Amino acid sequence: MEKMLVKGGIQLNGEVHASGAKNSALPLLFSTLLAPGKHVFKNVPHLMDIQSTMVLLKHLGCEISWEGSTVQVDVPELKSFEAPYDLVRKMRASILCLGPLMARYGQAKVSLPGGCAIGTRPIDLHLEGLKEMGAQIDVDSGYVFGKVDKLKGAKLIFESPTVTGTENLMMAACLADGVTLIENAAKEPEIWDLAEYLNKMGAKISGHGSSIIRIEGVDRLTPAEHVVIPDRIEAGTLLLAGAITGGEVTVSSCRPDDLDALISKMKESGFKLSIDESSITVHKNTGYTGVDVTTAPHPAFPTDLQAQFMALMTQADGTSVITETIFENRFMHVQELVRLNADITPKTRVAIVRGAPGSLKAAPVMATDLRASACLILAGLAAQGETEVNRIYHLDRGYEKMEEKLSKLGAQICRKN
Ligand code: EPU
Numbered sequence: 001m002e003k004m005l006v007k008g009g010i011q012l013n014g015e016v017h018a019s020g021a022k023n024s025a026l027p028l029l030f031s032t033l034l035a036p037g038k039h040v041f042k043n044v045p046h047l048m049d050i051q052s053t054m055v056l057l058k059h060l061g062c063e064i065s066w067e068g069s070t071v072q073v074d075v076p077e078l079k080s081f082e083a084p085y086d087l088v089r090k091m092r093a094s095i096l097c098l099g100p101l102m103a104r105y106g107q108a109k110v111s112l113p114g115g116c117a118i119g120t121r122p123i124d125l126h127l128e129g130l131k132e133m134g135a136q137i138d139v140d141s142g143y144v145f146g147k148v149d150k151l152k153g154a155k156l157i158f159e160s161p162t163v164t165g166t167e168n169l170m171m172a173a174c175l176a177d178g179v180t181l182i183e184n185a186a187k188e189p190e191i192w193d194l195a196e197y198l199n200k201m202g203a204k205i206s207g208h209g210s211s212i213i214r215i216e217g218v219d220r221l222t223p224a225e226h227v228v229i230p231d232r233i234e235a236g237t238l239l240l241a242g243a244i245t246g247g248e249v250t251v252s253s254c255r256p257d258d259l260d261a262l263i264s265k266m267k268e269s270g271f272k273l274s275i276d277e278s279s280i281t282v283h284k285n286t287g288y289t290g291v292d293v294t295t296a297p298h299p300a301f302p303t304d305l306q307a308q309f310m311a312l313m314t315q316a317d318g319t320s321v322i323t324e325t326i327f328e329n330r331f332m333h334v335q336e337l338v339r340l341n342a343d344i345t346p347k348t349r350v351a352i353v354r355g356a357p358g359s360l361k362a363a364p365v366m367a368t369d370l371r372a373s374a375c376l377i378l379a380g381l382a383a384q385g386e387t388e389v390n391r392i393y394h395l396d397r398g399y400e401k402m403e404e405k406l407s408k409l410g411a412q413i414c415r416k417n
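219 is the number that the working numbering gives to position 219 of the sequence shown; each next residue is one higher, with no gaps.
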């Protein structure tokens with residue numbers, strides 16, 4: 001199994017670009033199921049999760065070509081409406097085929113995604129929404145079976161915002177009869193991006209990016225072209241890599257507005273940042289202080305940057321209280337940071353990080369999920385000695401050429417079998 005070796009104590013400097021957003025590209029690829037013909041996406045990152053999505057789309061009958069960062073999906077009349085367990089278990093986002101299949105074909109059989117390292121992650125809100133739209137939904141033998149003559153517009157009120165739930169139901173509503181309102185919708189930039197593409201295909205969506213989304217159903221959609229937005233989580237991770245090593249790093253080709261919560265916490269901690277339309281620079285620092293962070297739905301601090309920010313806080317002057325409100329089990333990185341000599345007390349959903357500059361020491365550690373792997377690499381960059389991050393395959397699910405990008409900034413990092 002591959003591992004990453006990271007030499008600590010080297011200041012990172014220079015410029016690096018953000019790739020296309022994983023969590024935007026995934027729903028965009030699934031949205032192709034809504035319209036037959038050729039869809040073209042640019043700025044698609046090379047990631048395991050994107051490959052898994054393509055395997056599933058091919059299984060459903062689509063033809064796909066991928067050159068550089070451009071993906072073309074040719075959608076025929078589908079012959080299969082099933083997302084089998086073997087494909088779904090590799091990637092939870094596969095549930096995003098449910099809404100499009102129900103909308104276009106009135107039938108779907110999709111494996112339940114099951115729990116994962118960061119929490120139980122139910123899909124009840126996706127299923128309730130489809131039922132409200134008139135679908136018959138049964139869960140049996142680990143599968144969701146959906147059937148409907150034609151979905152009907154409905155008023156859907158989420159108990160709490162869900163990102164893929166909002167995406168699934170927004171896609172389903174595009175071809176439904178009448179108007180659908182999604183209230184307490186998730187406001188993540190990736191939802192805005194998906195709605196922009198759906199509108200290019202002829203959908204009538206408004207309010208995306210706010211907590212009330214209105215979708216007026218249309219009879220059919222036609223394929224279009226789209227450029228995937230930059231990955232805000234990758235951009236944030238690269239910025240934090242510069243910060244934890246005390247260097248000056250510019251992340252280009254990103255959307256600083258999507259990272260307001262991170263930027264504000266970094267400034268509160270004492271970092272100097274320069275921001276323009278599409279880049280953020282973190283300037284050299286000789287020290288920073290601990291700040292408290294609570295994750296919450298966008299535009300608040302993203303759960304997908306919590307682990308990486310915790311790595312930063314281990315090197316701060318003073319204590320930081322980090323509260324995770326989205327997923328019940330997203331502190332798996334804490335024990336691994338402790339192996340690197342960090343002083344952290346985990347409680348239920350709260351971690352108290354007693355920062356001590358220069359305290360991290362290299363050790364073998366194990367990545368448990370995607371963002372935890374990024375956190376351990378950041379910690380490795382700041383630790384004395386060479387840190388060995390095992391199970392690095394998690395990283396390849398969501399970070400494009402991470403070691404290449406960090407090497408470009410001066411890091412000594414390499415992959416070993
Ligand atoms: N929830 C329910 N019922 C549902 C759906 C969600 O109770 O039917 C709960 C979840 O258990 C969780 C909360 O609602 O406590 C929010 O979950 P959400 O549905 O928003 O998460 P998701 O759509 O499964 C997406 C991202 C995650 C990211 C979360 C939160 C994609 C493909 N995944 O997941 O990304 O952490 O939103 O922002 O967009 C990652 O990239 O590393 C990652 C995990």
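All residues carry an ideal CB built from backbone N, CA and C; glycine is no exception. This one's a predicted model, so the numbers in the text were calculated from it and none came from an experiment.
Endpoints, the alpha helix (DSSP H) within which residue i is located
i, result
"residue 446", "The structure shown does not extend to residue 446, since the chain is modelled only from 1 through 417, so no value can be given for it."
"residue 17", "That residue, residue 17, is in no alpha helix (DSSP H); its beta strand (DSSP E) goes 14 to 17."
"residue 236", "232 to 244"
"residue 104", "98 to 105"
"residue 165", "163 to 174"
"residue 113", "Segment: none, residue 113 is in no alpha helix (DSSP H) and carries neither H nor E."
"residue 407", "402 to 408"
"residue 87", "85 to 88"
"residue 351", "First-last for residue 351: 350 to 355, but that is the beta strand (DSSP E), not the alpha helix (DSSP H)."
"residue 393", "393 to 396"
"residue 310", "306 to 313"
heavy atom of the ligand EPU below 7 Å from residue i C-beta
i, result
"residue 211", "no"
"residue 301", "no"
"residue 187", "no"
"residue 92", "yes"
"residue 125", "yes"
"residue 162", "yes"
"residue 232", "no"
"residue 344", "no"
"residue 122", "yes"
"residue 309", "no"
"residue 22", "yes"
"residue 89", "no"
"residue 26", "yes"
"residue 259", "no"
"residue 81", "no"
Bounding residues of the beta strand (DSSP E) (the contiguous stretch that carries residue i)
i, result
"residue 153", "Unbroken run through residue 153: none, as it is neither H nor E."
"residue 206", "204 to 206"
"residue 386", "386 to 390"
"residue 7", "3 to 7"
"residue 318", "318 to 323"
"residue 366", "364 to 366"
For residue i, three-class secondary structure by DSSP
i, result
"residue 264", "helix"
"residue 269", "helix"
"residue 142", "coil"
"residue 183", "strand"
"residue 223", "coil"
"residue 329", "coil"
"residue 193", "helix"
"residue 282", "strand"
"residue 95", "helix"
"residue 248", "coil"
"residue 340", "coil"
"residue 158", "coil"
"residue 211", "coil"
"residue 412", "strand"
"residue 108", "strand"
"residue 128", "helix"
"residue 274", "strand"
"residue 292", "coil"
"residue 345", "strand"
Test item: CB-CB of residue i and residue j under 8 Å
i, j, result
"residue 365", "residue 381", "no"
"residue 5", "residue 414", "yes"
"residue 111", "residue 148", "no"
"residue 298", "residue 367", "no"
"residue 180", "residue 198", "no"
"residue 407", "residue 353", "no"
"residue 223", "residue 59", "no"
"residue 284", "residue 248", "yes"
"residue 447", "residue 251", "Outside the shown range of the chain (1 to 417) lies residue 447, about which nothing can therefore be said."
"residue 173", "residue 153", "yes"
"residue 331", "residue 346", "yes"
"residue 370", "residue 305", "no"
"residue 342", "residue 314", "yes"
"residue 67", "residue 74", "no"
"residue 360", "residue 8", "yes"
"residue 164", "residue 118", "no"
task = Just list the alpha helix (DSSP H) runs in the stretch 27 to 83, keeping only unbroken ones of 4 residues or longer that don't cross its boundaries, in chain order.
result = DSSP runs (the alpha helix (DSSP H)) wholly in the stretch 27 to 83: 48 to 60.
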